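**Student:** Numbering (UniProt numbering), first residue to last: 1 to 359. Even glycine gets a Cβ: it sits at the ideal position worked out from N, Cα and C. Just so it is clear, the structure is predicted and the values come from calculations on it, not from any experiment. Here it is, the structure in full.
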């Protein structure tokens, strides 16, 4: 065979395949999946009804401008619908941003335990990913600013962060935005923002500046991970740019209908937030009572820290033997940790009982 002459662009082969949370255990028919930070209660009844009703429109193309969904987001979140763009999960919005604003020779900066899609999207665009250290698993603004160079075009932070669950306050986010050089865009990943009571995910900071953009998702608190819906909010010029690289029919009719209804069902969203906070606090106290270290989480998971990697793997193996799937996060530089989604009350109690058996 001759040597292959068709080669991918530089950086593509440096991308490691994304590893999603496991969903199956060999030999176990019934499992509880707590590895992907999904809403254990599922979507709202209104969203499910809208999805079912959309079945009669499957022969039709979806709207290209997502106007009904953008209006719903605008009304509930207090955003200008004209400054919103929608994508296949917030992952696609992150990719759009990298394609539009990062090129070969540019740098994309993020924190050491940041979401893996920042690196993947940067490499796919031909840019250079750069990692800034965190302090005690928390975004450190000073270390991010110290890592900025004349080549830095994008800075990503998730607030709250995944997989650590920690977050920084509005003043620190504003300080980061104000400390960036001209021509550098700060992207606030708000995938877990709805789990924080009274938090606008940085909307006020976005509204006050031209160098800050926000991404959000319907995959977490709204319980629509299977439909893949996300959105971005920011300056009009950036929205106009991203819409030029967005496919015209990137979201399906059922996805658009379900997301609109989910966004408008604010009562159900608030119930999910409160229920998550209740069980997250309960799990935190139970783990701490067993001597497990963890940082206060602001998301829908806890990051349990064990004395070493071997102990974390032993706990993970025991949980699997009980039909419980959590997430080893060695790939995020946390080999001694398990990220455990806050599930139903029954699931949380099963997890704590199983960990107690090991410890």
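Write down every uninterrupted run of the beta strand (DSSP E) in the region 188-244 whose length is 3 residues or greater and which is fully enclosed by it, in chain order.
**Tutor:** The qualifying runs are 212-217, 230-233.
**Student:** Run through the DSSP bridge pairs and tell me what residue 294 is partnered with.
**Tutor:** Numbered from its first residue, the chain shown carries residue 294 at position 294. Beta-bridge pairing links residue 294 to no other residue.
**Student:** Secondary structure at residue 31, three-state DSSP: helix, strand or coil?
**Tutor:** For this step, residue 31 is matched to residue 31 along the chain shown. DSSP places residue 31 in coil when its eight states are reduced to three.
**Student:** With DSSP as the reference, please indicate the residues paired to residue 364 in a beta bridge.
**Tutor:** Because the chain is modelled from 1 through 359, residue 364 falls outside the range shown and cannot be assessed.
**Student:** Whose C-beta lies closer than 8 Å to the C-beta of residue 373 among residues of the same chain, with five residues either side of it excluded?
**Tutor:** Any answer about residue 373 is impossible in this case: the structure gives the chain only from 1 up to 359.
**Student:** Who are the near neighbours of residue 40 in its chain, counting only those whose CB is closer than 7 Å to its CB and skipping five residues on each side?
**Tutor:** Within the chain shown, residue 40 is the residue found at index 40, counting from 1. Excluding positions up to five away in sequence, the list reads 343, 344, 347.
**Student:** Measure the CB-CB distance between residue 72 and residue 298 and report whether it falls below 7 Å.
**Tutor:** Residue mapping note: residue 72 aligns to position 72 of the chain shown, counting from 1. Residue mapping note: residue 298 aligns to position 298 of the chain shown, counting from 1. Against a cut-off of 7 Å, the Cβ pair of residue 298 and residue 72 comes out as no contact.
**Student:** Pairs of beta-carbons, one from the region 219-229 and one from the region 98-114, closer than 8 Å: are there three or more?
**Tutor:** No, the region 219-229 does not touch the region 98-114.
**Student:** What is the DSSP secondary structure of residue 94, reduced to helix, strand or coil?
**Tutor:** On the chain shown, position 94 is the one that residue 94 refers to. Reduced to three states, the DSSP call for residue 94 is helix.
**Student:** Residue 211 and residue 177 look like a contact to me (Cβ under 8 Å); what is the Cβ gap, rounded to whole Å?
**Tutor:** Counting from 1 along the chain shown, the entry for residue 211 is found at position 211. Counting from 1 along the chain shown, the entry for residue 177 is found at position 177. At roughly 6 Å, the Cβ-Cβ gap stays under 8 Å, so residue 211 and residue 177 are in contact.
**Student:** If you follow the alpha helix (DSSP H) that residue 176 is part of, which residue opens it and which one closes it?
**Tutor:** Mapped onto the chain shown, residue 176 falls at position 176. Residues 170-179.
**Student:** Is it a yes or a no for the region 133-146 touching the region 275-285, going by three-plus beta-carbon pairs under 8 Å?
**Tutor:** No, the region 133-146 does not touch the region 275-285.
**Student:** Can you tell me which of 95, 119, 153 puts its alpha carbon nearest to the alpha carbon of residue 13?
**Tutor:** Counted from its first residue, the chain shown places residue 13 at position 13. Ranking 95, 119, 153 by Cα distance to residue 13 puts 119 first.
**Student:** Start and end of the beta strand (DSSP E) containing residue 329?
**Tutor:** Taking the chain shown and counting its residues from 1, one reaches residue 329 at position 329. Where residue 329 is concerned, the enclosing beta strand (DSSP E) stretches over 327-329.
**Student:** Grab me the residues of residue 235's own chain with a C-beta within less than 6 Å of its C-beta, minus the 5 sequence neighbours each way, in chain order.
**Tutor:** The sequence position of residue 235 within the chain shown is 235, counting from 1. If we look at residue 235 and ignore the five residues flanking it on each side, its Cβ neighbours are 210.
**Student:** Would DSSP call residue 87 helix, strand or coil?
**Tutor:** Looking up residue 87 in the chain shown gives position 87. In this structure, residue 87 counts as strand in the three-state DSSP scheme.
**Student:** Give the range of the alpha helix (DSSP H) segment to which residue 145 is assigned.
**Tutor:** Numbered from 1 along the chain shown, position 145 holds the residue referred to as residue 145. Run containing residue 145: 141-147, per the alpha helix (DSSP H) assignment.
**Student:** Which term fits residue 208, buried or exposed, when burial requires 16 or more other beta carbons within 10 angstroms of its beta carbon?
**Tutor:** Along the chain shown, read from residue 1 onward, the residue named residue 208 stands at position 208. That one is exposed.
**Student:** Taking buried to mean at least 16 other C-beta atoms within 10 Å of its own C-beta, is residue 238 buried or exposed?
**Tutor:** For this step, residue 238 is matched to residue 238 along the chain shown. By the neighbour-count rule (16 or more Cβ atoms within 10 Å), residue 238 is buried.
**Student:** Under a three-way DSSP split, which group does residue 10 fall into?
**Tutor:** Looking up residue 10 in the chain shown gives position 10. Looking at residue 10 - three-state DSSP - the assignment turns out to be coil, as it is neither helix nor strand.
**Student:** Do residue 128 and residue 112 have their C-beta atoms within less than 7 Å of each other?
**Tutor:** Mapped onto the chain shown, residue 128 falls at position 128. Mapped onto the chain shown, residue 112 falls at position 112. Contact flag unset, no.
**Student:** Given this structure, state the Cα-to-Cα distance separating residue 166 from residue 160, to the nearest angstrom.
**Tutor:** On the chain shown, position 166 is the one that residue 166 refers to. On the chain shown, position 160 is the one that residue 160 refers to. Rounded to the nearest angstrom, the two C-alpha atoms are 5 Å apart.
**Student:** Quick one: using the 10 Å Cβ neighbour count with 16 as the cut-off for buried, is residue 279 buried or exposed?
**Tutor:** Here residue 279 refers to the residue found at position 279 of the chain shown. Buried, because 16 or more other Cβ atoms sit within 10 Å of the Cβ of residue 279.
**Student:** Taking C-beta to C-beta, are residue 276 and residue 305 nearer than 7 Å?
**Tutor:** Position 276 of the chain shown holds residue 276. Position 305 of the chain shown holds residue 305. The answer is no: Cβ separation not under 7 Å.
**Student:** Run through DSSP, which three-state label would residue 251 get?
**Tutor:** For the purposes of this step, residue 251 is taken as residue 251 along the chain shown, with counting starting at 1. It is coil, neither helix nor strand.
**Student:** Which residue wins for smallest C-alpha separation from residue 273, given the options 5, 253, 243, 220?
**Tutor:** Position 273 of the chain shown, counted from the start, is the residue given in the question as residue 273. For the residues 5, 253, 243, 220, the minimum Cα distance to residue 273 belongs to 220.
**Student:** Straight-line CA distance for residue 50 to residue 59?
**Tutor:** By one-based count along the chain shown, residue 50 stands at place 50. By one-based count along the chain shown, residue 59 stands at place 59. Whole-angstrom Cα-Cα distance: 16 Å.
**Student:** On the three-state DSSP scale, how would you describe residue 335?
**Tutor:** Within the chain shown, residue 335 is the residue found at index 335, counting from 1. Residue state, collapsed to three classes: strand.
**Student:** What's the C-alpha gap between residue 288 and residue 69?
**Tutor:** Taking the first residue of the chain shown as 1, we reach residue 288 at position 288. Taking the first residue of the chain shown as 1, we reach residue 69 at position 69. Cα to Cα, residue 288 sits roughly 42 Å from residue 69.
**Student:** For residue 360, does the count of other Cβ atoms within 10 angstroms reach 16, so buried, or fall short, so exposed?
**Tutor:** The question about residue 360 has no answer here: the residues shown for the chain are numbered 1 through 359.
**Student:** If the criterion is Cβ atoms closer than 7 Å, does the pair residue 217 and residue 74 meet it?
**Tutor:** Counting from one through the chain shown, the residue named residue 217 turns up at place 217. Counting from one through the chain shown, the residue named residue 74 turns up at place 74. Against a cut-off of 7 Å, the Cβ pair of residue 74 and residue 217 comes out as no contact.
**Student:** Within a Cβ cutoff of 8 Å, which residues of the same chain sit near residue 81, ignoring the five residues on either side of it in sequence?
**Tutor:** For the purposes of this step, residue 81 is identified with residue 81 of the chain shown, where counting begins at 1. Closer than 8 Å at the Cβ level, and outside the excluded window around residue 81, lie 67, 70, 71, 73, 74.
**Student:** Once you ignore the five residues that flank residue 11 on each side, which residues in its own chain have a CB closer than 6 Å to its CB?
**Tutor:** Here residue 11 refers to the residue found at position 11 when the chain shown is read from its first residue. Once the five neighbours on either side are set aside, the close Cβ partners of residue 11 are 123, 126.
**Student:** So, helix, strand or coil for residue 102, using DSSP?
**Tutor:** The count along the chain shown starts at 1 and reaches residue 102 at position 102. In this structure, residue 102 counts as coil in the three-state DSSP scheme.
**Student:** Going by alpha carbons, who is nearest to residue 303 out of 45, 243, 130, 163?
**Tutor:** As a first step, residue 303 must be located in the chain shown, where it is residue number 303. Among 45, 243, 130, 163, the Cα nearest to that of residue 303 belongs to 163.
**Student:** Where residue 203 and residue 169 are concerned, what is the direct C-alpha to C-alpha distance, given to the nearest angstrom?
**Tutor:** Residue numbering aside, residue 203 sits at position 203 when the chain shown is read from its first letter. Residue numbering aside, residue 169 sits at position 169 when the chain shown is read from its first letter. Their backbone Cα atoms lie some 13 Å apart in a straight line.
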